[in-house]
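Trainee:
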Amino acid sequence: MAGYTPHTDDEIAAMVSFLGLDSVDELFAAVPAALRLAGGLDLPDGRPEPDVMAHLEDLASANRACGRDLVCFAGGGAYDHEIPAVTRALASRSEFVTSYTPYQPEVAQGVLQAVFEFQTLIARLSGVAVSNASLYDGAAALVEAVNLATAAVGRDGVWLSAGVNPSWRAVLATFARGTGHRLVDVPLAGGVTAWEALADAEPPGAVVVAYPNYLGCLEDLAAARALCDETGALLVVAFDPVCSGILRSPGDWGADVVVGEGQALGLPLGFGGPYLGLFSCTLEYVRRLPGRLVGETVDIEGRRAYVTTLRAREQDIRREKATSNVCTNQTLMAVTAAIQLGWLGTSGLAEVALRSAQGARYCQSQLLALPGVEPWSDAPVVREFAVRLPVEAAVVVDRLVDDGFLAGIALDDTYTGGHGDGLLVAVTERRTRAEIDAFVVALDKAVR
Amino acid sequence: MAPDHTTDHATDHTTDGAAGGRATSAPLLGRDEEPTIFELSRPGRRSWQLRTTGVPETPIDELVPAAHRRSRPVPLAEVSERDLVGHFTRLSARQFSVDLGAYPLGSCTMKYNPKMCDAVAALPGLADVHPATPAKAAQGWIEALVELEAALCTVTGMAAATLQPAAGAAGELTGLLLMRAWHEAQGAPRRKVVIPDSAHGTNPASVTLGGYEAITVPSDERGCVDLDALRAVLDEDVAGIMLTNPNTLGLFEEDIVAIAEAVHDVGGLLYYDGANLNAILGVVRPGDMGFDIVHLNLHKTFATPHGGGGPGAGPVAVSERLVAFLPGPRPVRLDDEDGGLAFGWVVPERSIGRIHSWHGNALVLARALAYVLVHGGDGLRQVAELAVLNANWLRTRLSATFDVPFDRTCMHECVLSATSLKKSTGVRALDVAKRLLEEGFHAPTVYFPLTVDEALMIEPTETESLQTLEALAQAFERIVADAAAPGGTERAREAPHATPVGRVDEARAARHLVPTFDAR
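Sequence order for the protein chains is A and B. Numbered according to the numbering used here, the first sequence spans residues 1 to 448. Numbered according to the numbering used here, the second sequence spans residues 1 to 520.
1) Looking at the strands, I want to know which residues DSSP matches up with A:F460.
2) I'd like to know whether the C-beta atoms of A:I12 and B:G201 end up nearer to each other than 9 angstroms.
3) Hey, is B:F448's beta-carbon within less than 9 angstroms of any beta-carbon in chain A?
4) I'd like to know if B:W345 contacts chain A, where contact means its C-beta is closer than 9 angstroms to some C-beta of that chain.
5) Mind listing the chain B neighbours of A:Y4? Cutoff is C-beta to C-beta under 7 angstroms, in chain order.
6) Return the chain-ordered list of same chain residues with a C-beta closer than 7 angstroms to the C-beta of A:G474, the five sequence neighbours on each side being excluded.
7) Using a Cβ distance threshold of 8 angstroms, determine whether the segment 108-128 of chain A contacts the segment 310-324 of chain A, with at least three qualifying pairs required.
8) State the CB to CB distance for the pair B:R435 and B:A498, rounded to an integer number of angstroms; the pair is presumed to be in contact (CB under 8 angstroms).
9) Quick one: which unbroken beta strand (DSSP E) runs of 3-plus residues sit fully inside the segment 141-220 of chain A? Chain order, please.
10) What residues from the segment 405-421 of chain A come within 7 angstroms of chain B, judged by C-beta to C-beta, listed N to C?
11) Taking the CB atoms as reference points, tell me whether B:S420 and B:D407 lie closer together than 9 angstroms.
12) Spell out whether any CB of chain A is found under 9 angstroms from the CB atom of B:C414.
13) Run through chain A and tell me which residues come within less than 7 angstroms of B:E490, C-beta to C-beta.
14) Can you tell me where the beta strand (DSSP E) holding A:T297 begins and where it ends?
15) Taking B:L50 as the reference, give the member of A:E351, A:F96, A:G163, A:G404 with the closest Cα.
16) At a Cβ threshold of 9 angstroms, is B:G223 touching chain A?
17) Could you tell me if the beta carbon of B:L369 falls within a distance shorter than 8 angstroms of some heavy atom in the ligand GTP?
18) Along the chain, which unbroken stretches of the beta strand (DSSP E) at least 3 residues long are found entirely within the segment 429-501 of chain B?
19) Return the CA-CA distance between B:I355 and A:V130, expressed in angstroms with no decimal places.
20) What is the residue span of the alpha helix (DSSP H) that A:G422 lies within?
21) I'd like the list of long-range same chain contacts for B:N392, defined as Cβ closer than 8 angstroms, with 5 residues on each side in sequence excluded.
22) Helix, strand or coil, according to DSSP, for B:E57 in the structure here?
23) Label B:A66 either buried or exposed according to how many other C-beta atoms from any shown protein chain fall within 10 Å of its C-beta, with 16 as the threshold for buried.
24) Mind checking B:R42: buried by the 16 CB within 10 Å criterion, or exposed?
25) Only counting the same chain, and skipping five residues up and downstream in sequence, which positions put a Cβ closer than 7 angstroms to that of B:A366?
26) Kindly list the residues whose CB is nearer than 7 angstroms to the CB of A:F405, restricted to its own chain and excluding five residues on each side of it in sequence; keep chain order.
27) Is the CB of A:E384 under 9 angstroms away from at least one CB in chain B?
28) If B:S47 and B:V74 are in contact, beta carbons under 8 angstroms, what's the gap, nearest whole angstrom?
29) From what residue to what residue does the beta strand (DSSP E) around A:C281 run?
30) For B:G502, I'd like the list of residues in its chain whose CB is within less than 7 angstroms of its CB, leaving aside the five on either flank, ordered along the chain.
31) Relative to chain C, which residues along the segment 87-106 of chain B have a C-beta separation below 9 angstroms, given in chain order?
32) Considering just the uninterrupted stretch of the alpha helix (DSSP H) at A:E59, what are its terminal residues?
33) Name the chain A residues that come within less than 8 angstroms of B:T301, Cβ to Cβ?
34) What does B:I590 pair with, by DSSP beta-bridge criteria?
35) Which residue marks the beginning of the alpha helix (DSSP H) containing B:A127, and which one marks its end?
36) With DSSP run on the structure shown, which of helix, strand or coil describes B:G274?
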């Protein structure tokens with residue numbers, strides 16, 4: 001039995017007797033006897049912490065971790081950026097880690113102010129006026145953006161660029177079964193969205209495009225904005241908060257709703273979670289915003305204070321008419337991102353984006369110098385790019401693990417047309433020239 | 001500035017030992033505002049340091065075409081590392097947390113979060129694994145997920161589970177989409193889902209997103225689903241019912257077998273909202289009650305820390321007939337007769353698709369696995385017993401202080417009411433909550449469930465001691481006594497005082513929306 005409950009045997013006996021009962025079991029008299037578990041749960045008895053820790057350490061040692069075992073060239077929505085000791089230390093303060101949703105603002109100003117600062121930072125990065133307090137991940141943010149746009153415009157159709165992360169598109173398709181949204185996939189040509197393929201489609205409620213897109217390419221957002229102006233749809237842009245350090249913001253391009261994956265802002269790779277769904281929009285749609293929003297106000301003595309606001313949008317008040325069902329979000333990840341962005345500051349974010357782009361350019365040029373390795377497209381990229389290999393990419397990724405590299409992500413059939421020859425490579429500011437050179441040598445060996 | 005919040009609690013030796021459960025120390029240096037990080041910023045200051053890489057420094061204009069480049073950097077804050085640490089440490093001092101004191105917030109199961117689980121989540125072999133790592137290099141992770149899924153199925157009495165949903169509400173929607181897929185496979189999707197009037201708000205919101213119409217059924221005078229009213233709304237267009245058991249009044253639905261039969265008789269499915277699973281661990285299982293779909297809140301029942309509002313994890317477990325519809329890819333133990341991998345990924349035959357970008361909130365799942373293994377079957381049962389014992393002790397202890405709308409044995413939480421207090425003094429449930437903050441405790445949930453007037457929903461959890469419960473009860477008693485004293489109503493309306501800020505003007509926040517520093 002674990003040592004997290006304080007009750008002594010005497011205290012349990014005294015409490016049972018205070019209730020006028022003879023045993024703890026009597027507390028469960030309302031549970032029909034026929035349903036009660038006679039022999040308890042069919043699980044082993046509890047084990048001491050050190051034993052369990054040893055088991056989990058065994059499992060952990062059966063993985064190949066980035067840094068310890070593998071040099072990471074994989075991205076696809078999860079990036080190996082620098083996470084300094086200061087971010088880890090502040091984000092693991094138990095006041096942030098072990099608090100609940102800030103329902104009592106008088107004793108939750110710490111989380112509320114940190115989230116208010118997060119909202120400000122994300123609004124500045126995305127270039128639109130309002131950010132919410134976070135959603136589960138990039139995919140969840142995209143789903144909510146489509147819900148907002150289709151409801152605001154009053155149309156069910158969604159023009160969805162194939163340049164949007166395929167996992168996010170898969171999640172959108174799952175949830176569209178409930179909402180009834182009609183998703184129209186728009187193919188890529190030369191690495192960027194071929195909107196002309198849609199000439200005859202019905203006007204949509206939302207046009208969705210990624211910047212940079214899944215293949216790392218920079219899309220023509222002016223063209224996407226023009227499509228929205230023609231059709232009356234809202235422009236939803238899936239952006240990357242780190243690349244945004246050097247790129248024009250989606251808001252500047254005319255996005256109505258901006259979503260993104262915030263993992264790159266100080267969160268560990270963590271096998272895919274917990275990550276951070278970024279959601280921001282123009283002020284026009286703030287009353288349709290999904291999830292929590294922190295606003296500034298004052299207390300009874302006129303001092304500055306923060307509180308969750310426009311609560312009438314949310315599920316606990318509006319119930320079946322709420323703008324979203326989200327309740328628990330990823331607040332701790334939002335606080336972490338605020339800390340990380342504080343550490344990076346104005347110059348640091350731009351420097352990380354620039355150095356990542358420099359690394360990607362160097363890596364791309366070295367890979368393309370190899371015989372048999374071809375460019376996927378000539379569209380401009382920032383941190384990530386795709387190449388065409390002479391052999392199956394999944395096999396190369398598998399083989400390079402043995403050489404100590406996570407080579408990237410093998411593009412799926414929807415991109416390669418079943419050839420399996422596309423490899424998506426990401427390079428962050430953490431990759432050294434020596435690591436890139438060694439990676440290129442190993443990949444050369446693997447494709448020969 | 002000198003602290004202006006000296007407390008005058010009577011010395012009471014019966015509660016002297018409540019040190020672990022009571023937080024009366026206000027921020028060290030008084031009640032000044034903490035400036036935002038933007039106000040601390042000075043141009044040219046910095047914290048960041050990046051790795052020396054030797055990568056050629058290609059100029060930006062050769063990397064990104066001019067049309068795509070920012071004209072100037074994004075203006076963030078510019079602070080030193082020392083400023084950064086001071087700022088967020090001071091913010092943390094303005095925040096209540098479980099580690100600081102008791103958090104009897106009904107429906108939220110704010111139990112102590114074992115530190116060992118944090119250590120597990122920090123293991124480099126778990127924390128630094130990229131989610132796209134090939135299965136052969138992530139065998140430990142996939143095995144951990146398989147092990148957790150099996151344990152959750154044992155706890156709930158179900159056949160298989162998906163670990164992808166990132167929180168309870170995501171689990172609810174996943175469950176409803178499973179319900180839809182199953183009915184579609186039977187030939188008709190159906191249109192309605194039944195919900196009790198005491199349900200959490202996420203239930204009806206999820207029902208709408210699942211493409212269903214929410215039908216509300218009332219509770220009876222005992223606080224449980226009115227079986228006759230339920231039977232009256234059941235027909236062949238009802239896809240299922242969403243139930244929390246124990247319900248949001250903290251009461252066990254004694255008619256659960258009859259409810260299950262009635263719903264199954266019209267071909268509907270039963271959905272179990274696991275928000276209150278803590279009460280019945282090892283005592284009774286949703287699967288044995290007749291439920292077909294179950295979501296769990298690992299950030300409640302399995303003690304993963306709530307992070308100020310998230311991350312959570314909301315796995316969904318299902319009965320045998322729904323397994324083929326589960327989201328994928330699923331982590332599975334492979335048949336390794338031919339010497340292949342022991343663990344891998346499989347997409348179920350009729351999968352509803354993906355729910356998460358990757359595999360779910362994996363590091364939260366790892367914490368929950370550690371919690372399950374440390375407790376084991378015996379420990380989980382004891383968790384439920386002590387959680388229910390604590391709630392009943394408080395319900396009884398406070399029965400002369402507040403109204404008790406449902407005076408019978410509760411499960412892990414009790415719902416009291418401040419109706420009489422309000423009538424006699426004008427002090428409302430909200431004021432009681434604010435006064436309790438001054439007493440060094442987090443407030444209970446107030447005004448929920450919606451079916452109880454002036455509701456105070458109290459969930460002490462199993463990790464609070466008898467001494468802390470006594471201190472909490474005495475705090476409530478002081479609040480009620482003071483409400484009746486001269487000037488008591490005003491004092492209550494103006495509470496709290498001994499907190500980093502006083503009563504916050506929520507109406508103003510909505511009226512004059514300031515959602516960012518730039519909108520000030």
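We treat Cβ as the ideally placed atom computed from N, Cα and C, and that holds for glycine. As the structure is a computational prediction, the values presented were derived from the model and not from experiment.
Mentor: Result, derived from the coordinates:
1) Only positions 1 to 448 of chain A appear in the structure, and residue 460 of chain A is not among them; the question remains open.
2) The residue labelled residue 12 of chain A in the question sits at position 12 within the first sequence. The residue labelled residue 201 of chain B in the question sits at position 201 within the second sequence. Not in contact: A:I12 and B:G201 (Cβ atoms no closer than 9 angstroms).
3) The residue labelled residue 448 of chain B in the question sits at position 448 within the second sequence. Yes, B:F448 counts as interfacial toward chain A.
4) Along the second sequence, one-based indexing puts residue 345 of chain B at 345. It does not: the Cβ of B:W345 has no partner Cβ on chain A nearer than 9 angstroms.
5) By 1-based counting over the first sequence, the position of residue 4 of chain A is 4. Chain B residues near A:Y4: Y112, P114, T463.
6) Because chain A in this structure spans residues 1 to 448, residue 474 of chain A falls outside the shown range and cannot be described.
7) no
8) Along the second sequence, one-based indexing puts residue 435 of chain B at 435. Along the second sequence, one-based indexing puts residue 498 of chain B at 498. Going by Cβ atoms, the distance from B:R435 to B:A498 rounds to 10 angstroms, so no, they are not a contact pair.
9) 157-161, 182-186, 206-211
10) Here the close residues are L406, I409.
11) Numbered from 1 along the second sequence, position 420 holds the residue referred to as residue 420 of chain B. Numbered from 1 along the second sequence, position 407 holds the residue referred to as residue 407 of chain B. B:D407 sits away from B:S420, with the two beta carbons spaced by 9 angstroms or more.
12) Your numbering for residue 414 of chain B matches position 414 in the second sequence. Not closer than 9 angstroms to any Cβ of chain A, the Cβ of B:C414 fails to qualify, so no.
13) Position 490 of the second sequence, counting from 1, holds the residue named residue 490 of chain B. None at all; the shortest Cβ gap to chain A is about 12 angstroms.
14) Here residue 297 of chain A refers to the residue found at position 297 of the first sequence. Counting along the chain, the beta strand (DSSP E) containing A:T297 begins and ends at 294-298.
15) Within the second sequence, residue 50 of chain B is the residue found at index 50, counting from 1. The shortest C-alpha separation from B:L50 is found at A:E351.
16) On the second sequence, position 223 is the one that residue 223 of chain B refers to. No, no contact with chain A.
17) No copy of the ligand GTP appears in this structure; indeed no ligand is present at all.
18) If we require 3 residues or more, the beta strand (DSSP E) runs fully inside the segment 429-501 of chain B come out as 455-458.
19) What you label residue 355 of chain B is simply residue 355 of the second sequence in a count that begins at 1. What you label residue 130 of chain A is simply residue 130 of the first sequence in a count that begins at 1. Whole-angstrom Cα-Cα distance: 26 angstroms.
20) What you label residue 422 of chain A is simply residue 422 of the first sequence in a count that begins at 1. Here A:G422 belongs to no alpha helix (DSSP H); instead the beta strand (DSSP E) covers 422-426.
21) Translated into positions along the second sequence, residue 392 of chain B becomes position 392. Counting only Cβ-Cβ distances below 8 angstroms, and skipping sequence neighbours, we find T409, C410, C414.
22) Here residue 57 of chain B corresponds to residue number 57 of the second sequence, with the count starting at 1. Note: B:E57 maps to coil in three-state DSSP.
23) Here the question's residue 66 of chain B lines up with position 66 in the second sequence. Classification of B:A66: exposed, given that the 10 Å Cβ count is below 16.
24) Residue 42 of chain B sits at position 42 when you count from the first residue of the second sequence. Under the 10 Å beta carbon count, B:R42 is surrounded by fewer than 16 other beta carbons and is classified as exposed.
25) Here residue 366 of chain B refers to the residue found at position 366 when the second sequence is read from its first residue. Contacts found: V120, A121, L126, A144.
26) Position 405 of the first sequence, counting from 1, holds the residue named residue 405 of chain A. Within the same chain, A:F405 has close Cβ partners L70, V71, F73, F439, A442.
27) Your numbering for residue 384 of chain A matches position 384 in the first sequence. Not an interface residue.
28) Counted from its first residue, the second sequence places residue 47 of chain B at position 47. Counted from its first residue, the second sequence places residue 74 of chain B at position 74. Going by Cβ atoms, the distance from B:S47 to B:V74 rounds to 16 angstroms, so no, they are not a contact pair.
29) For the purposes of this step, residue 281 of chain A is identified with residue 281 of the first sequence, where counting begins at 1. First-last of the beta strand (DSSP E) with A:C281: 277-281.
30) Locating residue 502 of chain B in the second sequence gives position 502, where the first residue counts as 1. If the five residues before and after B:G502 are omitted, its C-beta is found closer than 7 angstroms to the C-beta atoms of P496, all from its own chain and listed in chain order.
31) Protein chains in the displayed structure are A and B, and chain C is not among them.
32) Here the question's residue 59 of chain A lines up with position 59 in the first sequence. Note on residue identity: the sequence assigns Leu, not Glu, to residue 59 of chain A. Here the alpha helix (DSSP H) through A:L59 covers 49-61.
33) Locating residue 301 of chain B in the second sequence gives position 301, counting from the first residue. Result: empty, since nearest Cβ-Cβ is about 13 angstroms, beyond 8 angstroms.
34) Since the first and last residues shown for chain B are 1 and 520, residue 590 of chain B lies out of range.
35) On the second sequence, position 127 is the one that residue 127 of chain B refers to. Its alpha helix (DSSP H) spans residues 124-127.
36) Counted from its first residue, the second sequence places residue 274 of chain B at position 274. Strand at B:G274.
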